[in-house]
């Protein structure tokens with residue numbers, strides 16, 4: 001059966017490029033992520049409240065952006081149903097220039113291991129940050145750089161190439177128009193300048209990227225922020241380093257990441273290597289995203305929970321990082337927004353990743369891609385919006401009966417663990433019944449759904465490490481379930497599978513049918529999914545609270 005989602009390579013015109021790829025030291029994919037940290041801290045930690053006065057007119061702004069759900073952006077998605085929520089697109093670009101268009105020095109590029117050639121302007125880091133009207137919390141959602149999307153002009157492509165493709169095409173078009181006019185006798189005053197052509201290309205690239213993100217997420221974007229390469233290193237050094245924690249020691253020649261296991265404090269250059277590594281990680285790019293998010297959470301926590309902002313020298317360095325690296329849309333009242341969020345606490349800043357269907361898919365030209373089901377991504381953001389609005393409603397007062405213990409008579413035997421409960425059997429509602437029992441006992445269940453057909457045949461617990469004492473204790477509590485290994489799971493998550501052989505505890509009064517509406521469908525997926533289709537593990541939620549950094553792979 002033919003489908004536009006699975007067209008052969010020869011049927012699809014490749015996206016245009018303005019220059020061939022250049023050899024560089026290390027991966028540009030993550031080097032561009034890290035500069036986004038300056039924006040994260042500026043926007044969601046209250047730093048903007050203290051620094052924006054210093055920045056004054058020093059920040060660069062982007063114009064001609066089609067933002068918001070007022071009709072100018074097409075009215076797409078469910079923005080109108082969310083009272084006052086703000087959605088921000090954060091873009092990390094591998095441009096070798098600063099926010100004012102000044103080229104970074106060769107010394108700065110060498111320090112960043114970025115190479116000195118221009119290369120391509122890929123947007124290798126994309127995040128949507130959602131902030132409810134009261135400014136009490138912020139949720140940053142990562143979009144993997146290799147997410148495969150359908151572009152109306154250039155066919156199927158990775159989302160990190162959308163900006164560069166459209167910008168390059170616009171620049172080429174305007175250069176050709178200039179040449180045609182010059183051949184007809186026009187003088188320079190009648191031609192577009194190089195600066196004007198460049199700006200038109202940038203505007204076109206940003207517009208295409210915004211439209212792509214709208215289509216992928218089904219939400220309207222209210223504000224736009226873009227960062228270059230240098231901000232991350234400057235900011236990390238400005239706050240005197242950031243704490244991280246590794247589950248195992250690493251020594252990766254490709255990224256230069258060489259660190260022992262356990263907690264440690266990294267300076268800017270070291271942190272660059274920490275977030276660049278993708279080889280040797282169980283889930284490759286998804287684990288790298290988890291590293292990025294853990295680092296950002298630790299950075300936000302440090303700024304919020306210590307006297308970081310009381311030092312004039314630190315404030316000056318943060319201001320320099322933001323001025324040199326950050327571009328925001330021209331209509332954004334950043335002072336008002338920062339003031340709105342001045343009382344934000346670290347535990348209310350969380351990091352997530354969009355659901356994916358496969359992390360080892362194949363694109364139209366044989367390239368490695370991440371596939372997604374747009375319906376799942378839409379539902380993810382809709383659920384996020386609903387949770388924002390519902391959490392703002394005042395909680396009803398508890399009755400005396402509700403205050404009394406109403407659990408199962410048992411206690412949790414596995415702490416600090418997130419549970420995913422799947423129904424792989426023919427008995428409808430079994431997973432829902434187990435979820436109800438687990439929650440009454442005191443566990444945290446983050447997902448209850450039907451398993452993809454053919455994945456599991458018997459009841460079991462799936463763990464990253466089958467010898468994890470928490471998995472062993474829970475398996476015993478649930479009637480002696482077998483434990484199987486999946487190295488791709490996060491260490492803080494367990495999957496409980498119920499099948500027809502399950503005979504453990506259930507809440508018989510809570511056996512609602514499990515949802516199947518969001519199971520991934522190959523027909524809805526752009527590109528060819530890998531063998532892990534439907535079994536790609538969702539990344540864990542990370543927050544910026546706690547007493548120390550989260551340990552990651």
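Residue numbers (full-length UniProt numbering): 1 to 553.
Virtual Cβ for every residue (Gly too), placed ideally from N, Cα, C.
Small disclaimer: the values here were computed from a predicted structure and weren't measured.
Paired residues, beta bridge with residue i - DSSP
i	result
residue 358	371
residue 151	155
residue 224	89
residue 418	444, 493
residue 483	461
residue 262	246
residue 472	Note: residue 472 sits in no beta bridge, so no partner.
residue 616	Because the chain here runs from 1 to 553, residue 616 falls outside it and cannot be looked at.
residue 385	DSSP lists no partner for residue 385.
residue 130	87, 139
residue 449	422
C-alpha gap between residue i and residue j, whole angstroms
i	j	result
residue 131	residue 348	10 Å
residue 552	residue 195	44 Å
residue 418	residue 160	31 Å
residue 472	residue 466	8 Å
residue 88	residue 382	15 Å
residue 366	residue 147	14 Å
residue 480	residue 446	22 Å
residue 251	residue 259	7 Å
residue 358	residue 203	32 Å
residue 129	residue 189	43 Å
residue 330	residue 62	6 Å
residue 221	residue 126	13 Å
residue 140	residue 217	13 Å
residue 138	residue 262	28 Å
residue 275	residue 181	48 Å
residue 319	residue 231	10 Å
residue 103	residue 283	35 Å
residue 65	residue 264	41 Å
residue 460	residue 485	10 Å
residue 3	residue 361	Residue confidence for residue 3 is low, a pLDDT of 40 falling below 50, so the modelled location carries little weight and cannot support an answer.
residue 478	residue 280	34 Å
residue 183	residue 157	36 Å
residue 299	residue 134	23 Å
residue 441	residue 550	26 Å
DSSP-derived helix/strand/coil call for residue i
i	result
residue 393	Legend: pLDDT at residue 393 = 44, less than 50; position of this residue unreliable, no value from coordinates given.
residue 191	coil
residue 324	helix
residue 218	coil
residue 311	coil
residue 477	helix
residue 400	Any answer about residue 400 is weak, because its pLDDT of 42 lies below 50 and its placement is not dependable; what the coordinates show is given next. Three-state result, residue 400: helix.
residue 143	strand
residue 490	coil
residue 554	Because the chain here runs from 1 to 553, residue 554 falls outside it and cannot be looked at.
residue 204	helix
residue 241	coil
residue 296	helix
residue 172	helix
residue 436	helix
residue 553	coil
residue 428	coil
residue 525	coil
residue 162	helix
residue 348	helix
residue 301	helix
residue 257	strand
residue 287	helix
residue 271	helix
residue 180	helix
Supposed contact pair residue j and residue i - C-beta distance, whole angstroms, cut 8 Å
i	j	result
residue 474	residue 494	7 Å
residue 490	residue 412	Residue 490 to residue 412, Cβ: 19 Å. No contact.
residue 421	residue 444	Not confirmed; about 11 Å, so no contact.
residue 371	residue 185	With a Cβ gap of about 52 Å, residue 371 and residue 185 do not count as contacting.
residue 350	residue 142	Their Cβ separation, rounded to whole angstroms, is 12 Å, which puts residue 350 and residue 142 out of contact at 8 Å.
residue 500	residue 451	Their Cβ separation, rounded to whole angstroms, is 12 Å, which puts residue 500 and residue 451 out of contact at 8 Å.
residue 123	residue 168	In fact, because the Cβ distance is near 13 Å, the residues do not count as touching under 8 Å.
residue 497	residue 424	5 Å
Below-7 Å beta-carbon distance, residue i vs any chain C residue
i	result
residue 473	Among the chains in the structure shown there is no chain C, since it carries only a single protein chain.
When you compare the stretch 425-443 with the stretch 374-386, are there three or more beta-carbon pairs, one atom per stretch, that lie closer than 8 Å? no
Whether or not the stretch 230-241 and the stretch 258-275 are in contact is what I'm after, with contact meaning three or more pairs of Cβ atoms, one per stretch, closer than 8 Å; do they touch? yes
Evaluate the contact criterion for the stretch 208-228 versus the stretch 252-262: three or more CB pairs, one atom per stretch, below 8 Å. no
Assess contact between the stretch 242-250 and the stretch 281-298, defined as three or more Cβ pairs (one per stretch) separated by less than 8 Å. Is contact present? yes
Does the pairing of the stretch 206-219 with the stretch 140-155 give three or more beta-carbon distances under 8 Å? yes
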